[in-house]
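Heads up: the structure comes next, in structure tokens.
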Amino acid sequence: MSKKHQSVCNLGSSKPKIAVGAWIAPSATIVGAVTIGPQSGVWFNCVLRGDDNTIQIGARSNIQDGSVIHIDPGEFDVVIGDDVTVGHSCLIHGCKLEDRAFVGMGSTVMNGCIIEPDGVLGARSLLTSGKRIKSGELWTGSPAKLVRMLSEEEIRNFRKTAQSYVRKGERFRSELNQE
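Sequential numbering of the sequence shown, starting at 1, is according to my numbering.
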């Protein structure tokens, strides 16, 4: 076993593609067919496992500490758009998170789910297979259900999270000291 953590690994001929300017924490693990866009961040202790299908992450999105993204063989890839926030300790599995989607801490999103732009899944929620959160909706619970529509102010505040993680990523990229 290597003493140095290897955060980015090929799997056979599948190689992660990480854009210039993306932040990958030293303890994150990225394997196989994973593409990460510019200014996106994959934070501490995350696992992105592109072994059976592909994982695509757009620009300025953040996958927060302890989250796991993977897929089953077959029909579902993971597609994460631009300016998406995936909170701490989430499980993202074979789904589509469109631009500006927000997944709260400790939540699970299952195969075939779609969260539309500015859709929000609240903390510690379970979005079961095939569900769709429409733009501007807030869903919570286990299983998650529509609670209400978000106000324009709430939507603006959720968008600020992605922006703040771009700044954090820039700071960590330039200031993190791994002695």
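We put the CB at the ideal spot given by N, CA and C, even for glycine.
All values reported here derive from a predicted model rather than from experimental measurement.
- Looking at the structure shown, is K3 part of a helix, part of a strand, or coil, going by DSSP? Taking the sequence shown and counting its residues from 1, the one referred to as residue 3 is at position 3. With a pLDDT of only 42 at K3, under 50, the local geometry of the prediction cannot be trusted, and no value is derived from it.
- Report the rounded CA-to-CA distance for E154 versus G136, giving the unit in angstroms. In the sequence shown, residue 154 corresponds to position 154, counting from 1. In the sequence shown, residue 136 corresponds to position 136, counting from 1. A direct Cα-to-Cα measurement between E154 and G136 gives close to 9 Å.
- Query: How long is the line joining the alpha carbons of S27 and F44, rounded to whole angstroms?
  - Reply: For the purposes of this step, residue 27 is taken as residue 27 along the sequence shown, with counting starting at 1. For the purposes of this step, residue 44 is taken as residue 44 along the sequence shown, with counting starting at 1. The C-alpha of F44 is placed about 5 Å away from the C-alpha of S27.
- Query: In the structure shown, what three-state DSSP assignment does R49 receive?
  - Reply: By one-based count along the sequence shown, residue 49 stands at place 49. In the three-state scheme derived from DSSP, where H, G and I count as helix and E and B as strand, R49 is classed as strand.
- Item | In DSSP terms, what I71 is bridged to | Reading the sequence shown from its first residue, position 71 is the one you call residue 71. None; I71 has no bridge partner.
- Task: Excluding the 5 residues preceding and the 5 following G66 in the sequence, name in chain order all residues of the same chain whose CB lies nearer than 6 Å to its CB.
- Result: The residue you call residue 66 lines up with position 66 of the sequence shown. For G66, the CB contacts under 6 Å within the same chain, skipping 5 residues up- and downstream, are N45, H88, S89 in chain order.
- Message: On the CB-based measure, 16 or more other CB atoms within 10 Å of its CB, does N62 come out buried or exposed?
- Response: Here residue 62 corresponds to residue number 62 of the sequence shown, with the count starting at 1. Of the residues assessed, N62 falls on the buried side of the cut-off, its CB having 16 or more other CB atoms within 10 angstroms.
- Task: Within its chain, find whatever has a CB closer than 6 Å to the CB of P16; leave out the 5 residues flanking it on each side and keep chain order.
- Result: Residue 16 sits at position 16 when you count from the first residue of the sequence shown. Closer than 6 Å at the Cβ level, and outside the excluded window around P16, lie V8, I30, V34.
- Item | For A162, the three-state DSSP class (helix, strand or coil) | Counting from one through the sequence shown, the residue named residue 162 turns up at place 162. DSSP places A162 in helix when its eight states are reduced to three.
- Verify whether the separation of the beta carbon atoms of F102 and V79 is less than 8 Å. The count along the sequence shown starts at 1 and reaches residue 102 at position 102. The count along the sequence shown starts at 1 and reaches residue 79 at position 79. The beta carbons of F102 and V79 sit no closer together than 8 Å.
- Task: Just grab the DSSP bridge partners of V86 for me.
- Result: Position 86 of the sequence shown holds residue 86. In the DSSP output, where bridge partners are listed per residue, V86 has I63, V103.
- Query: Which of the three DSSP states, helix, strand or coil, is assigned to E154?
  - Reply: As a first step, residue 154 is located in the sequence shown; it is residue number 154 there, counting from the start. Secondary structure at E154: helix, using DSSP grouped into helix, strand and coil.
- Cβ contact check for the region 156-164 and the region 91-111: 3 or more pairs under 8 Å: Yes, the region 156-164 is in contact with the region 91-111.
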